[in-house]
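Participant:
There are 2 protein chains.
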Amino acid sequence: MTVAPKISYLDIKEIVLKRIKNFTWAPGSIMPGEIELATEFGCARATVNRAMRELAEDGYIDRKRKAGTRIKSFPTRKAKFVIPIIRDEIELTGATYRYALINREFRDPPDWLRTQMTIPQNTPVLHLMCLHYADSKAFQYEDRWINLNAAPKAVDQDFEEMGPNEWLIKQVPFSDAEITFSTINADTQVADLLNVTVGTALVTLERITWFTNAPITYTKLYFHAGYQMTSRL
Amino acid sequence: MTVAPKISYLDIKEIVLKRIKNFTWAPGSIMPGEIELATEFGCARATVNRAMRELAEDGYIDRKRKAGTRIKSFPTRKAKFVIPIIRDEIELTGATYRYALINREFRDPPDWLRTQMTIPQNTPVLHLMCLHYADSKAFQYEDRWINLNAAPKAVDQDFEEMGPNEWLIKQVPFSDAEITFSTINADTQVADLLNVTVGTALVTLERITWFTNAPITYTKLYFHAGYQMTSRL
DNA sequence: TGCCTTATTATGTATAGACATAAAATCCAT
DNA sequence: ATGGATTTTATGTCTATACATAATAAGGCA
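So the sequences go chain by chain: A and B.
Under our numbering, the first residue of the first sequence carries the number 884, and numbering increases by one thereafter.
Under our numbering, the first residue of the second sequence carries the number 884, and numbering increases by one thereafter.
1. Using a Cβ-Cβ cutoff of 9 Å, what residues of the region 1023-1034 of chain B are near chain A? List them in chain order.
2. Report the neighbours of residue 928 of chain A on chain B: residues whose CB is nearer than 9 Å to its CB, in chain order.
3. Within 10 Å of its beta-carbon, does residue 1102 of chain A have 16 or more other beta-carbons around it, so buried, or fewer, so exposed?
4. For the region 934-954 of chain A against the region 972-980 of chain A, do three or more pairs of beta-carbon atoms, one drawn from each stretch, fall closer than 8 Å, so that the two count as touching?
5. Using the C-alpha atoms, what's the distance from residue 919 of chain B back to residue 1046 of chain B?
6. Using a C-beta to C-beta distance shorter than 7 Å, which residues of chain A count as neighbours of residue 1111 of chain B?
7. Indicate whether the contact test is met: 3 or more Cβ pairs, each with one atom in the region 960-969 of chain B and one in the region 993-1000 of chain B, closer than 8 Å.
8. Of all the options A:901, A:1040, A:891 and A:895, which has the alpha carbon lying nearest to the alpha carbon of residue 1059 of chain B?
9. List the residues of chain B that residue 958 of chain A touches, going by C-beta distances under 7 Å, in chain order.
10. Determine the burial state of residue 989 of chain A: buried for a count of at least 16 other Cβ atoms within 10 Å of its Cβ, exposed for fewer.
11. Taking only beta carbons into account, state which residues of the region 954-983 of chain A come closer than 9 Å to chain B, listed in chain order.
12. Under a three-way DSSP split, which group does residue 1059 of chain A fall into?
13. Flag residue 943 of chain A as yes if its beta-carbon sits less than 8 Å from any beta-carbon of chain B, otherwise no.
14. Between residue 942 of chain B and the rest of its own chain, which residues show a CB-CB distance below 8 Å, the 5 nearest in sequence each way excluded?
15. Excluding five sequence neighbours on each side, which residues of the same chain lie with their C-beta closer than 8 Å to the C-beta of residue 1104 of chain B?
16. When burial is assigned at 16 or more other CB atoms within 10 Å of the CB, is residue 1035 of chain B buried or exposed?
17. Using a cut-off of 7 Å between C-beta atoms, extract the partners of residue 1114 of chain B located in chain A.
18. When DSSP builds the beta bridges, which residues end up paired with residue 1112 of chain B?
19. Quick one: give me the first and last residue of the beta strand (DSSP E) that residue 924 of chain A is part of.
20. Evaluate residue 1001 of chain A with the Cβ neighbour count: other Cβ atoms within 10 Å of its Cβ, from every protein chain shown; 16 or more gives buried, anything less gives exposed.
21. Since residue 1072 of chain A is in the alpha helix (DSSP H), which residue starts that stretch and which ends it?
22. Going along chain A in order, which residues have a C-beta closer than 8 Å to the C-beta of residue 1086 of chain B?
23. Give me, in chain order, the residues of the same chain whose beta-carbon lies closer than 7 Å to that of residue 1079 of chain B; leave out the 5 immediate sequence neighbours on both sides.
24. Starting from the N-terminal side, write out each stretch of the beta strand (DSSP E) that is 3 residues or longer and does not extend beyond the region 946-1015 of chain B.
25. Using only CA atoms, which one of B:1011, B:926 and B:972 lies nearest to residue 1040 of chain B?
26. Can residue 984 of chain A and residue 1009 of chain A be called in contact, C-beta distance under 8 Å?
27. According to DSSP, is residue 875 of chain B helix, strand or coil?
28. Answer yes or no: does any C-beta atom of chain B fall closer than 8 Å to that of residue 904 of chain A?
29. Could you check which residue in B:1093, B:1021, B:1096 and B:1056 has the C-alpha nearest to that of residue 1077 of chain B?
30. Classify residue 1047 of chain B as helix, strand or coil using the three-state DSSP reduction.
31. DSSP puts residue 1091 of chain A in a beta bridge; with which residues?
32. Under three-state DSSP, which class holds residue 927 of chain A?
33. Taking 8 Å as the threshold (C-beta atoms), are residue 1028 of chain B and residue 1092 of chain B in contact?
34. Kindly indicate which three-state DSSP category residue 893 of chain A falls into: helix, strand or coil?
35. Any Cβ of chain B within less than 8 Å of the Cβ of residue 1052 of chain A?
In C-alpha cells form, the structure reads like this:
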C-alpha cells in the first residue's frame, strides 16, 4: 500500500490558489472556512490557517473574523523591489565596482533640505557628491546630505575610500526610511557626471533615513541612462 | 496580584527588533536559539518561531537549519509598491476619473512585441491606445497590446467605455505579471497626448501578463510629468 | 420599526508535543 | 591529512486543543 504523504501548508496554498484562478470560487464570493478545508485536506486547522494567512498577505483574499474569507475581485498586487547595496548590484553584473568622492563640504542646510528632513535651521550638515562606477562607466551619481547632529562621527570621515552609504550602514545598520522613485531631465551638472546629453531622462531615487525618529540623512540618487527596475508579481 | 498578560508573537518581534537595533546582538553575529528565547519569554517555541520567521521575511535576520539565526550585517530592504487600479488612484486624489480610447487596430505583432511577449509571428493582436484623465488633465497614456489567441473575446469589445485593464481583469482577475519601471524622454506623439514638451522625462511602467503560462497582454504606461512613487521601508 | 443587548461564529493566537530536514560537527577508515 | 559516513542540532512543520476577539446575527424591549 502506498501511504499518502502528509499535505503541507504549501500544498494547500497551491491548491487554493489554483481554485481561485480557476474560478472554482468566484471573485467576490466567500470561500469555505478553515475547518471545512481542514476536513477536506485531512489536516489540522492550523495548517490551513497558515496557508490562508499567507494568501491574504499575497493579496489574493480578504479575511475577517466571523465574516469569513472572501476572494478579492481586484487582487492587490504588490511589486517588491529589493533595494540593493550598490556595490552588490554592480558586481552582480560581473563589472568592477569603483567609488569616487567628487566634493565634500560642511554647510548650513538649504531650505528645501530642511523641509525634506524636518531639521531646524542651525543644524550643521555635511554635503557629499559621489560617483559610483561599473568598470569605467559612471553608474550612479549620489547627492548625499548628512545631519551632523544625528551622526557627529561623520565629521571625522573623509569619505575618500568608503561611500557614505556603506559608512552609515556600519554606524546604524537598521533604520527606517522613506524612498521615492521619480524621473528628471539631466541638468548640465548631472549630464556631465553621468556622461549623457543634457535633458536625458534619468531614474532618480530619493531616500530619507531616520534612526529612532531622528532624521539622519537625505540622498538623491541619479541612475545612468537606461536604468530600469523589474519585479515579478 | 497582577497577572502578567501573556506575551504575543508581536511583542517578541518588537523586543527582538529593539535588541537588533540596539546592537544588543551585533550585526553578523548569531543570536540565541528559539528554545532559549522561548524560555526567556516564558512562551512556547512556536510563538518565538513565528516572530522570527516574520523578522526573517522582513529582511532583518538570516535563518538556517542547524546553523542558527544570524543578524544581517546589511539588512535587505524591500520597497513594496502597491500597483493600484488607475481609477482608484485618481479618485483617491479627489479628482474625477475619465477614460478615452484614442485608437483601436487589429494587426500582426511587430517584432519587438513578439520578442517581449514570446508569441509566434502569425499571432493576431489588438493594439489599443488609451488615455486616462484626472479631471480634465491627462494622467496616463496607455499603450496596450492584447494577444487575441489568448483572449479571443477581446475581438468583440470596442473598448469605448471600459478600459482594457478593467475588462481584462474581469476576464482573468488572477494572473502572473512582470513589471518594469523605467523612464523615457517624451517623443512627439506622447508629448502631444500628455500635454508636455517633447523630451520631458516621464515615468514608464511596462507590464507583461500571463495566464497559465500563456502571454495575454503587454502594456506600456506613460505617466504624466512629475509622477512619483513613494514607499516606506 | 428601531435601538440595544446578547449569542454565535470564523478567524487569530498560544501551547505542548512530535517528527522532518538541512547542515554543521564529529568520527573513522584509508 | 583526506574523504566519506554518521551523529548532532537548530530550524521547519504538523497536530490537537484551548481560549481570545471581532463582527455579524439574533433576540428582546420600548
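All C-beta atoms, glycine included, are put in the ideal place defined by N, C-alpha and C.
Facilitator: Short version:
1. Under the 9 Å Cβ criterion, the region 1023-1034 of chain B contributes no residue.
2. Mapped onto the first sequence, residue 928 of chain A falls at position 45. Result: empty, since nearest Cβ-Cβ is about 14 Å, beyond 9 Å.
3. The residue given as residue 1102 of chain A occupies position 219 in the first sequence. With a 10 Å radius around the Cβ and a threshold of 16 neighbouring Cβ atoms, residue 1102 of chain A comes out buried.
4. With the cut-off at 8 Å, the region 934-954 of chain A and the region 972-980 of chain A do not touch.
5. What you label residue 1046 of chain B is simply residue 163 of the second sequence in a count that begins at 1. What you label residue 919 of chain B is simply residue 36 of the second sequence in a count that begins at 1. Note on geometry: alpha-carbon atoms of residue 1046 of chain B and residue 919 of chain B lie some 56 Å from one another.
6. Locating residue 1111 of chain B in the second sequence gives position 228, counting from the first residue. What residue 1111 of chain B touches in chain A: 1063, 1064 and 1065.
7. no
8. Within the second sequence, the letter at position 176 stands for residue 1059 of chain B. It is A:901 whose Cα lies nearest to the Cα of residue 1059 of chain B.
9. Taking the first sequence and counting its residues from 1, the one referred to as residue 958 of chain A is at position 75. Here the neighbours are 1056 and 1057.
10. For the purposes of this step, residue 989 of chain A is taken as the residue at position 106 of the first sequence. Answer is exposed; the Cβ neighbour count stays below 16.
11. Residues 954, 955, 956, 957, 958, 959, 960, 961, 962, 963, 964, 965, 966, 967, 968 and 971.
12. The residue given as residue 1059 of chain A occupies position 176 in the first sequence. Residue state, collapsed to three classes: strand.
13. Here residue 943 of chain A corresponds to residue number 60 of the first sequence, with the count starting at 1. Chain B, which has a Cβ nearer than 8 Å to the Cβ of residue 943 of chain A, makes this yes.
14. Here residue 942 of chain B corresponds to residue number 59 of the second sequence, with the count starting at 1. Taken in chain order, the residues that qualify are 955, 958, 959, 960 and 961.
15. Position 221 of the second sequence holds residue 1104 of chain B. Beyond the five residues adjoining it in sequence on each side, residue 1104 of chain B comes within less than 8 Å, by CB distance, of 1023, 1024, 1025, 1026, 1087, 1088, 1089 and 1090 in the same chain, given in chain order.
16. The residue labelled residue 1035 of chain B in the question sits at position 152 within the second sequence. It is exposed - the Cβ of residue 1035 of chain B has fewer than 16 other Cβ atoms within 10 Å.
17. Looking up residue 1114 of chain B in the second sequence gives position 231. Residues of chain A passing the Cβ test: 1062.
18. Within the second sequence, numbered from 1, the residue matching residue 1112 of chain B stands at position 229. DSSP lists A:1064 as the bridge partner or partners of residue 1112 of chain B.
19. Here the question's residue 924 of chain A lines up with position 41 in the first sequence. It is not in any beta strand (DSSP E) - residue 924 of chain A instead sits in the alpha helix (DSSP H) that spans 917-924.
20. The residue labelled residue 1001 of chain A in the question sits at position 118 within the first sequence. Here residue 1001 of chain A is exposed: its Cβ has fewer than 16 other Cβ atoms, across all protein chains shown, within 10 Å.
21. Against the first sequence, residue 1072 of chain A aligns to sequence position 189. Where residue 1072 of chain A is concerned, the enclosing alpha helix (DSSP H) stretches over 1071-1077.
22. What you label residue 1086 of chain B is simply residue 203 of the second sequence in a count that begins at 1. Within chain A, the residues near residue 1086 of chain B are 1064, 1065 and 1066.
23. Here residue 1079 of chain B refers to the residue found at position 196 when the second sequence is read from its first residue. Around residue 1079 of chain B, the same chain offers 1069 and 1108 as residues with beta carbons nearer than 7 Å, after the five sequence neighbours per side are excluded.
24. 951-954, 960-966 and 980-990
25. The residue given as residue 1040 of chain B occupies position 157 in the second sequence. It is B:1011 whose Cα lies nearest to the Cα of residue 1040 of chain B.
26. Counting from one through the first sequence, the residue named residue 984 of chain A turns up at place 101. Counting from one through the first sequence, the residue named residue 1009 of chain A turns up at place 126. Not a contact, by the Cβ cut-off of 8 Å.
27. What the structure shows of chain B is the stretch from 884 to 1116, and residue 875 of chain B is not part of that stretch, so it cannot be assessed.
28. Within the first sequence, the letter at position 21 stands for residue 904 of chain A. Output row for residue 904 of chain A: interface = yes.
29. Taking the second sequence and counting its residues from 1, one reaches residue 1077 of chain B at position 194. Residue 1077 of chain B has its Cα closest to that of B:1021, out of B:1093, B:1021, B:1096 and B:1056.
30. Residue mapping note: residue 1047 of chain B aligns to position 164 of the second sequence, counting from 1. Secondary structure of residue 1047 of chain B (DSSP, three-state): helix.
31. Sequence index remark: in the first sequence, residue 1091 of chain A carries index 208 (1-based). A:1061 and A:1101.
32. Working through the first sequence from its first residue, we reach residue 927 of chain A at position 44. Coil, per DSSP.
33. One-based indexing of the second sequence puts residue 1092 of chain B at position 209. One-based indexing of the second sequence puts residue 1028 of chain B at position 145. In this structure, residue 1092 of chain B sits away from residue 1028 of chain B, with a CB-CB distance that is not shorter than 8 Å.
34. Working through the first sequence from its first residue, we reach residue 893 of chain A at position 10. Helix, per DSSP.
35. Position 169 of the first sequence holds residue 1052 of chain A. Yes, residue 1052 of chain A lies at the interface with chain B (some Cβ there is under 8 Å from its Cβ).
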